[in-house]
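Protein chains in written order, with the working numbering: chain P, 1 to 113; chain D, 1001 to 1112.
Think of the CB as a built atom: it goes at the ideal place given N, C-alpha and C, for glycine as much as any other residue.
None of the values given here were measured: they were computed from a predicted structure.
What follows is one structure encoded as structure tokens, with my remarks underneath.
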Amino acid sequence: EPEVTQTPSHQVTQMGQEVILRCVPISNHLYFYWYRQILGQKVEFLVSFYNNEISEKSEIFDDQFSVERPDGSNFTLKIRSTKLEDSAMYFCASSGQGVQPQHFGDGTRLSIL
Amino acid sequence: QQQVKQSPQSLIVQKGGISIINCAYENTAFDYFPWYQQFPGKGPALLIAIRPDVSEKKEGRFTISFNKSAKQFSLHIMDSQPGDSATYFCAASKAGAQKLVFGQGTRLTINP
């Protein structure tokens, strides 16, 4: 069964550094998403991406964050100047023609020191 | 209004019993209600989903019950098994919107 893959599984970064989280969505999917889950809390929407542009974003997704689809297969989340509170699990998801259902990857655990 | 409230936070059920997890929402614009199952170290995996034009949907041992007037929906797991032990999230989204709004999650433990 096709799946969303994310790399790395764990990223440790010094506060203030930039980090790029990578995702390979399911190949024929059109919508791409990033969510995050702070330890012990609920999954929160960050951003959705369709047709090479951001289609929806949350208040969490400020100027510190950016997304990109640099080629036909990868989807990346960049966090500039990381803060301690950015420590969380970051999940990539994708969906096909009908927006729902969304299929999630296994996440990247981001630890900011 | 964007929230989805989920209860209980944790649940322990004996093997073979029925597990019931509840969610409530305020925003009547929500029209898609999925349940996700998450095992430790893994991402949420879609379990079952419902739209408000039906009151119940069943897939194997998993059933969603939906009460539109009460703005509540619930997940029932029949004949619960130890392999069902996981965290379960309800979620909701609005028509045409991409964002999923998640509940807080329920950690389910099935005792053998």
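Rounded to whole angstroms, Leu39(P) and Phe1039(D) show a C-alpha spacing of 14 Å. For Pro1082(D), the secondary structure class from DSSP, reduced to helix, strand or coil, is helix. One Cα belongs to Ser111(P), the other to Asp63(P), and the distance between them is close to 20 Å. Contact between Ala1024(D) and Lys1071(D) holds, with the beta-carbon distance rounding to 6 Å and staying under 8 Å. Following the DSSP letters along the chain, one finds Arg22(P) inside the beta strand (DSSP E) bounded by residues Val19 to Val24. In this structure, Ile1050(D) places its C-beta atom within 8 Å of the C-beta atom of Phe1073(D). At a cut-off of 8 Å between C-beta atoms, Gly1016(D) does not count as an interface residue with respect to chain P. Proximity to Glu1(P) across Val19(P), Met89(P), Pro25(P) and Ile20(P) peaks at Pro25(P), based on C-alpha coordinates. In terms of Cβ geometry, Glu56(P) and Gln1098(D) form a close pair [threshold 8 Å]. DSSP links Ile38(P) through a beta bridge to no other residue. In the three-state scheme derived from DSSP, where H, G and I count as helix and E and B as strand, Asp106(P) is classed as coil.
With fewer than three CB-CB distances shorter than 8 Å, the region 1074-1085 of chain D does not count as touching the region 29-36 of chain P. Boundaries of the beta strand (DSSP E) around Ile1050(D): Ala1045 to Ile1050.
Looking at Arg36(P), Arg80(P) and Ser27(P), the one whose alpha-carbon comes closest to that of Cys92(P) is Arg36(P). Proximity to Glu1026(D) across Asp1079(D), Gln1006(D) and Thr1109(D) peaks at Gln1006(D), based on C-alpha coordinates. Contact annotation for Ser1093(D) against chain P: Gln100 [CB-CB distance below 7 Å, chain order]. In the DSSP assignment, Arg1061(D) is bridged to no other residue. Look at Asp86(P): its C-beta is not under 8 Å from any C-beta on chain D.
Listed along chain P is no residue with a C-beta nearer than 7 Å to that of Lys1057(D); the closest approach is about 13 Å. By the rule that beta-carbons nearer than 8 Å mark a contact, Ala1086(D) does not touch chain P.
In the assembly as shown, Ala1095(D) is an exposed residue. Its beta-carbon has fewer than 16 other beta-carbons within 10 Å. Within chain P, the C-beta atoms nearer than 7 Å to that of Gly1043(D) come from Phe91, Phe104, Gly105, Asp106 and Gly107, in chain order. Counted as a single uninterrupted DSSP element, the beta strand (DSSP E) harbouring Ala1024(D) occupies residues Ser1019 to Tyr1025.
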